[in-house]
Every structure is written in C-alpha cells, then in structure tokens.
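First comes the structure, then the notes that go with it.
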Amino acid sequence: MSMADELEREIDIDIGGIFAALWRKRVRLLLFGLIAAVLTFFVLQMLSPKYKSETQILIESRNRDFAGDNRGNSEQSRALLDQEGIASQVQVITSRDVARAVINRLGLAKMPEFDTALTPSGVSDILAMFGLINNPLNISPEERVLKQFYKNLKVSQISRSRVIAIEFVSKDQSLAASVPNAIADEYLRLQREAKQGINIDEAAALEPQINQLRNKVRLAEAKVADYRSSSDLLMGRNNASLATQQLSEMSTELSRVRSERAEAEAKVASIKSVLNSGASIDSISDVLSAPLIQRLRERQVNLRSQIADLSATLLSAHPRIKALKSQLANLDQQIRSEAKKILSSLKNDANVARSREKSLLANLNNLKAESARVGEDQVELRALEREATAQRELLQTYLRRFREASSKQGQNFLVADARIISRATIPSESFFPKVLPIVISAFVGTILVSAMFILASALASARPQRMAAAMPMPVADAMEVQDEAPSVDNTQPASAVSQGQTDSGAAIAAKSISMLGKARVALLSPEGEVGSEGSVLLARYLAAGGASVIVIDMTGAGASSLAMIGPHTLPGIKDLLAGEASFSDVIHSDNSSRAHIIPTGAASAEVAAQAGDRLYMVFDALEDTYDYVIIDCGAADVAGLSKISKANTINVINAIDENNPAVRMAADMLVHAGFRKPLTIHPTEQERQIMGNVAA
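Residue numbers (the working numbering): 279 to 974.
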C-alpha cells in the first residue's frame with residue numbers, strides 16, 4: 279500500500295469517528311437547542327416592543343427667480359445638490375436646534391422613555407454605585423433627553439439619490455410617526471427662516487452702497503458731458519464724431535470727382551484721336567448720342583437713300599445727283615463740327631472736375647488734421663465713458679439684487695430647498711423583537727456551538743498519528759536518515775545549497791532545500807531520463823513536509839509523468855503553451871503524495887515551441903501559488919537550462935551512478951557557464967526501493 283493510501287485511510291478514520299461522536303450526542307444537541315429556544319422566547323416576551331417609522335425628504339432647488347438672472351441660482355443649486363451639500367443637510371437635520379425644537383413641541387422631556395430619571399431602577403442605581411455606568415442624576419435633564427433622542431434617531435442619505443431618510447424608534451406607535459414628521463417640518467421651517475434672514479441682510483447691506491453708486495454715476499456722466507463740450511467733440515450719425523463723419527463724406531466725394539475727371543479726360547482723348555485721324559465718328563458713343571448729331575445722321579441716311587435710288591436711272595454726272603452729293607458732304611462737315619463742339623464741352627468738364635478735385639483735396643487735408651486732434655481727445659473721452667459705464671452697470675446690478683431681496687422677504691414667496699415626499703405613518707407592527715426569527719436563530723446557534731465543542735473534544739481525544747508513522751517503513755527509514763543529516767543555517771543564502779552537500783540522497787536534499795523557503799528548482803539528468811526518479815523523490819519528500827509542490831515535466835519521454843500519474847496521456851505543458859488548455863486542465867495530482875504535476879502533454883511540439891517565450895510567465899504564475907516549482911529538464915544542456923533559470927534558481931543534477939563522468943562533466947559545464955555549483959542527488963537504495971514499491 280502506498281504512502282498516500284495510508285494517509286488517506288487515517289484521515290477517513292478520524293472523520294468517521296468525529297461524525298459518529300456527533301450522532302451519538304444528537305439527543306443532547308437537540309435538547310440544548312430546545313432549552314435555548316424556550317428561554318429566548320420567554321425573555322422576548324418580557325421585552326417591550328419597539329416601533330419604527332420613517333419620513334423621507336427630497337433635497338432640490340426650489341428658487342423662484344422673476345428677474346431672469348439664473349446664474350447665481352444655478353451656482354447655489356450645484357452647491358446644494360452635490361454629495362457634500364446633501365451631507366451638510368443631514369447634519370442640519372440632526373442639529374441640536376432641531377432636536378430641542380421637536381422635544382419642546384412634543385413634550386418628550388416629560389416622557390419616561392426619554393428621561394430615565396423619571397423611572398429610577400434599582401439595578402441602575404447599583405451599577406452607578408460601583409461606577410459601571412454613569413449616574414443619570416449627574417447629567418442635566420436636557421442632556422438626558424437629547425442622549426436618548428439621538429439614540430432612537432437615525433438620519434441618513436439614501437444611496438445614489440438626493441433623498442434623506444429620517445427614522446425614529448419608540449415604544450409608542452404614534453410617537454414613532456410623530457417625531458420624524460416633526461423633525462421634517464422643523465427642518466423646512468429653519469430653511470425658510472434662513473432664506474428670509476439672508477434676504478433681509480442682503481437688502482440692508484445693499485441700500486447704502488446703492489446710494490453711494492448713484493452719486494458716483496452722476497459725477498462720472500457729468501465729467502463725460504463736460505469734456506465732450508470743452509473739446510468740441512460733436513457727435514454725428516452712428517455715434518461717430520462730426521470731424522470723422524465729415525472726413526468720411528469728403529473722402530467719398532473726392533473719389534467721385536476723381537472718377538468723373540478721369541472719365542471726362544478719357545472721352546476727350548478718344549474723340550480727339552478720331553477727329554485728328556479723320557476716321558469715322560461712328561465709333562464714338564458720346565458723339566452719336568447727341569440729339570443734333572442724331573438728326574444730322576438721319577438726314578445723311580435719307581440723302582444716301584435718294585442718291586442710291588437716282589443712280590439706278592441717272593449717271594453720276596447728272597446735276598441732280600451732284601446736288602445730292604454736295605448736300606451729303608455738307609452734312610459730314612456739320613457732323614464733324616458738332617463733334618468738335620462736344621470735344622470742347624468735355625474738355626471744359628474735365629477742367630472743372632480737376633479744379634474741384636484740388637479744392638476737395640485741400641479740404642480733406644484740413645479735415646485730417648482736425649480728425650487727428652479729435653481722435654486724441656476721444657481717447658480721454660472713452661476712458662471717462664468706460665468709468666461711467668462701469669459705475670452704471672454696477673448700480674444696475676445692485677438695484678436688481680436689492681429688488682429681488684426686497685420681493686423675497688414675503689413669507690409666501692420663500693420656499694425651502696427641500697420637500698417631504700413621504701411622511702411617516704403609525705406602524706402597525708413592531709420591528710423589534712422579531713420573536714420567530716430570534717427563537718429559530720437561538721435554536722440553530724446553540725446546536726452549532728454545541729457541535730463545535732463536541733468536534734473540538736473529539737479531535738483532541740483522537741490524537742492522530744504523525745505523518746511519518748503513516749508512511750511505509752522504507753520511507754520512514756529515509757526520513758530518519760534525513761533527520762540525522764547535517765543541519766543547514768536558515769540564514770544562509772541560496773548559494774549555500776549549491777556549495778553544501780555535493781552527493782546526497784533525495785531526503786537530505788529535500789531538507790536542505792526546504793530550509794530556504796519558497797524556491798524554483800531545475801533538475802538535470804545527464805545519464806538520461808531514467809534519472810528523473812530523483813525529481814519525483816524530491817517532490818514527494820517536500821510535499822510530505824507540508825509544502826505545496828508542483829513538478830513540470832520537460833523531459834522528452836515524460837519520465838516524471840509516468841512515475842507520478844501513470845501511462846496516461848493528459849493535457850500538459852505543451853498544451854498550455856499552444857493555447858489548447860488552461861492551468862486547471864494541465865495540473866494533475868500525484869498518485870502517491872500531495873504534490874501536483876504538469877505532464878509533457880499531447881500538443882504539437884512545434885506549435886508549443888513557437889510560444890516558448892511564455893515559459894517565464896508560466897513559471898512566475900506557478901511560483902505565486904506553490905512553495906516549490908520543480909522543473910524536470912531531463913538531459914537538457916546548458917543552453918536549455920538558461921531559458922528557464924533565473925538568479926535564485928536552485929540547480930540540481932540527478933545521478934544514478936555517482937562515478938559517471940557525464941555527471942561531473944555536467945556540473946563543471948554549469949559552473950563554467952556562470953551558474954552556481956549545482957546540488958547533486960544520488961538516490962539511496964532505500965529510496966529506489968520506495969520508488970519500486972510505489973510503481974508496483
């Protein structure tokens with residue numbers, strides 16, 4: 279029988295004995311539960327019932343603004359409705375002023391429920407005599423009532439809302455409803471009074487400031503008027519100075535005159551060019567548009583028509599045709615003569631426009647100088663106007679606030695920034711004590727407590743054997759060898775393991791490693807994967823000591839997996855790297871210990887190799903969960919070991935034959951490659967016998 283089977287058998291016997299002890303004392307457990315339930319029931323009958331009722335208040339902005347300026351109200355609303363504002367309103371509701379007003383209004387000071395001194399108790403007197411409680415008579419009546427009042431009161435903000443709940447507990451049903459309603463009414467009254475007081479204070483503070491501002495506005499406007507008249511700053515259209523307006527008009531007129539002059543000069547040049555060249559005047563529109571020219575052109579057309587008609591029957595030398603041609607030539611001379619007159623008229627227009635341009639230009643220069651002077655004076659004028667405007671706007675603001683404050687002083691106008699959305703009603707049943715739930719709880723709780731005492735007694739009397747006693751004899755002998763091994767100082771660094779025993783059994787190696795706490799252990803088998811039995815033994819010894827251990831089988835043939843879970847093809851490290859399985863799928867339990875193992879797996883080695891960079895993440899995650907992460911590397915070389923090792927990794931060499939040169943060569947290669955001197959495990963004959971028994 280394996281070591282794990284023996285341990286499991288012992289645990290089953292203990293659990294069975296414990297439950298047998300509970301079953302034997304079942305009648306006693308039920309009796310204890312019934313006695314506790316009956317006693318609880320009678321005690322609850324002696325208690326006075328308590329009633330609870332609740333009033334709910336919604337905090338919201340309820341300002342009435344008739345002036346049209348909501349800016350100030352919006353800021354007040356934001357301050358009121360945020361979390362700090364709601365918490366502040368809770369403090370106002372629980373203030374002593376509100377409590378005193380409600381106490382006086384309802385006469386709570388005369389009720390024994392709130393003033394314990396009205397109904398003295400012998401027990402209270404004795405406790406006060408020995409100093410176990412404060413003597414109520416040493417406290418003022420008001421403080422006694424307030425203390426009990428706040429004890430029964432609970433004011434809180436309902437989560438994720440602007441609603442405040444006011445709960446009150448009392449032995450009197452009607453009083454449980456009256457108190458929260460009275461608190462809500464008193465809170466709303468205080469809010470209205472506070473608003474009214476603010477408006478009165480604001481109006482009183484604004485009145486003298488308004489009188490001062492009126493005088494300042496009057497003086498500022500008088501300064502503006504005096505400076506404008508003294509500086510001759512007359513204003514024209516569009517609130518512009520007269521000089522500036524005249525300058526603008528003069529500039530416009532000058533532009534128009536210049537345009538007319540240029541147009542006249544262009545016409546003169548065009549007509550003069552046509553007349554000097556002797557060309558036809560038909561291309562000159564200004565000449566053709568003259569009325570006289572148009573009449574002469576009509577006569578010219580008629581003569582040409584007559585000449586054309588007569589030429590059909592008469593020769594060119596005929597007197598009639600000659601006469602008509604002579605008239606036609608006279609008309610051409612008249613037309614050219616009229617064109618010259620038009621040219622002369624246009625020259626005169628150009629000269630007039632040129633003279634007007636000079637006059638306007640002189641006036642424009644004078645206006646520019648005047649406008650510059652006016653501009654300098656306007657700088658000072660605008661400064662005076664800004665001062666007057668600022669004083670006037672400030673006065674208007676103060677007047678508006680004064681009117682608002684005065685209008686809000688009426689009691690009917692003021693509203694509190696809260697309203698009652700649910701008034702407390704007289705409760706129909708008490709909330710304490712709940713007889714049935716409390717009796718059932720007493721019954722069940724007594725049974726559970728009694729069962730715990732019985733379990734503790736059974737565990738103490740059972741005295742289970744030590745773990746070593748539950749092991750097979752070969753394992754116990756190996757543990758004795760481990761106890762006789764030289765001790766290792768707990769304070770020594772991790773390098774002490776690699777510089778200590780160079781040849782030891784798995785039990786001694788396990789004890790040496792366990793003294794260092796949590797660690798990552800990498801095991802190499804230079805003689806082949808048959809050396810993996812050292813990895814399995816090391817894992818089982820560490821697990822037998824109470825540590826959490828996991829073995830990662832990185833051997834080619836799965837030697838560790840075969841020894842720990844048998845010839846089963848289960849998901850393993852290759853499946854995890856390939857993304858075909860999760861951690862919960864690849865971690866399996868050892869058949870003969872508490873250790874866990876991740877086998878090689880069944881996924882493609884090529885696919886898993888592509889995700890080889892994830893090995894560090896896998897090992898780091900396992901180190902967060904397990905005390906010891908044992909990596910069985912098989913016959914890996916130095917390059918393979920460097921991919922899984924880190925600074926504090928403990929390197930171990932499995933040796934079947936301690937005289938095998940491959941073992942010493944592997945140790946030397948690790949040292950020359952920069953690794954610390956490895957620890958060599960050489961399983962003893964007893965340990966190999968254990969492995970054989972387990973495999974059998």
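The C-beta atom is built at its ideal place from N, Cα and C for all residues, glycine as well. Model, not experiment: these values are computed from the prediction.
Check, Outcome
"Sequence-distant residues of its chain with Cβ nearer than 8 angstroms to residue 484 (five each side left out)", "676, 679, 680 and 683"
"Residue from 874, 865, 501 and 424 with nearest C-alpha to residue 377", "424"
"Minimum length 4: unbroken alpha helix (DSSP H) runs contained in the region 822 to 877", "837 to 843, 851 to 855 and 861 to 864"
"Whole-Å CB distance - residue 427 paired with residue 381, under 8 angstroms assumed", "6 angstroms"
"Helix, strand or coil at residue 333 [DSSP, three-state]", "strand"
"Local conformation of residue 954 per DSSP, three classes", "coil"
"Same chain, Cβ closer than 8 angstroms to residue 584, neighbours up to 5 away in sequence not counted", "602"
"Inter-stretch contact (C-beta, 8 angstroms, three-pair minimum) for the region 922 to 933 and the region 787 to 807", "yes"
"Helix, strand or coil at residue 771 [DSSP, three-state]", "Residue placement at residue 771 is poorly supported in this model, since its pLDDT is 35, which falls under 50; the coordinates still yield a value, given next. Coil at residue 771, not helix or strand."
"Proximity of residue 452 and residue 328 at Cβ, strictly below 8 angstroms", "no"
"C-beta contact flag for residue 331 and residue 703 at 8 angstroms", "yes"
"Coarse secondary structure for residue 733, derived from DSSP in three states", "helix"
"Which listed residue (863, 923, 639 and 891) has its alpha carbon closest to that of residue 530", "639"
"Residue nearest to residue 881 in terms of C-alpha spacing, selected from 908, 872, 301 and 851", "851"
"Coarse secondary structure for residue 788, derived from DSSP in three states", "helix"
"For residue 721, the three-state DSSP class (helix, strand or coil)", "helix"
"Neighbourhood of residue 441 by C-beta distance below 6 angstroms, restricted to the same chain and skipping five residues each side", "334 and 336"
"DSSP bridge partner residues for residue 906 (one or two, in chain order)", "797 and 827"
"Presumed contact (8 angstroms Cβ cut-off) between residue 886 and residue 855, rounded CB distance", "4 angstroms"
"For residue 961, three-class secondary structure by DSSP", "coil"
"From 720, 890, 951 and 573, residue whose alpha carbon lies closest to that of residue 917", "951"
"The alpha helix (DSSP H) enclosing residue 320, as first and last residue numbers", "304 to 324"
"CB-CB length for residue 469 against residue 695, believed under 8 angstroms", "6 angstroms"
"Sufficient close CB pairs (3 or more, under 8 angstroms) joining the region 935 to 944 to the region 858 to 872", "no"
"Whole-angstrom C-beta distance between residue 500 and residue 669, which should lie under 8 angstroms", "Not confirmed; about 12 angstroms, so no contact."
"contact_flag[the region 818 to 828, the region 843 to 850] where n(CB pairs < 8 angstroms) is 3 or more", "no"
"With 16 other Cβ atoms within 10 Å as the buried cut-off, status of residue 350", "Bear in mind that a pLDDT of 49 at residue 350, under 50, signals an unreliable position, so the number given afterwards is only what the model happens to contain. Residue 350 should be labelled exposed."
"Residue 870 versus residue 435 - alpha carbon distance", "60 angstroms"
"Residues near residue 367 in its chain [Cβ-Cβ closer than 6 angstroms; skip 5 each side]", "337"
"Inter-residue spacing [alpha-carbon to alpha-carbon] between residue 751 and residue 785", "Residue placement at residue 751 cannot be trusted, given a pLDDT of 32 that sits under 50; what the coordinates show is reported in the next sentence. The alpha-carbon atoms of residue 751 and residue 785 are separated by roughly 14 angstroms."
"Residue 300, DSSP secondary structure in three states", "helix"
"Coarse secondary structure for residue 693, derived from DSSP in three states", "coil"
"Cα-Cα separation, residue 774 to residue 813", "Unreliable placement is indicated for residue 774, whose pLDDT of 35 sits below 50; the coordinate value is still reported in the next sentence. Going by the C-alpha atoms only, they are around 20 angstroms apart."
"Proximal residues to residue 867 (C-beta, below 7 angstroms), its chain only, five neighbours per side dropped", "874"
"Residues bridged to residue 445 [DSSP beta-bridge criterion]", "332 and 432"
"Beta-carbon proximity check, residue 628 vs residue 546, cutoff 8 angstroms", "yes"
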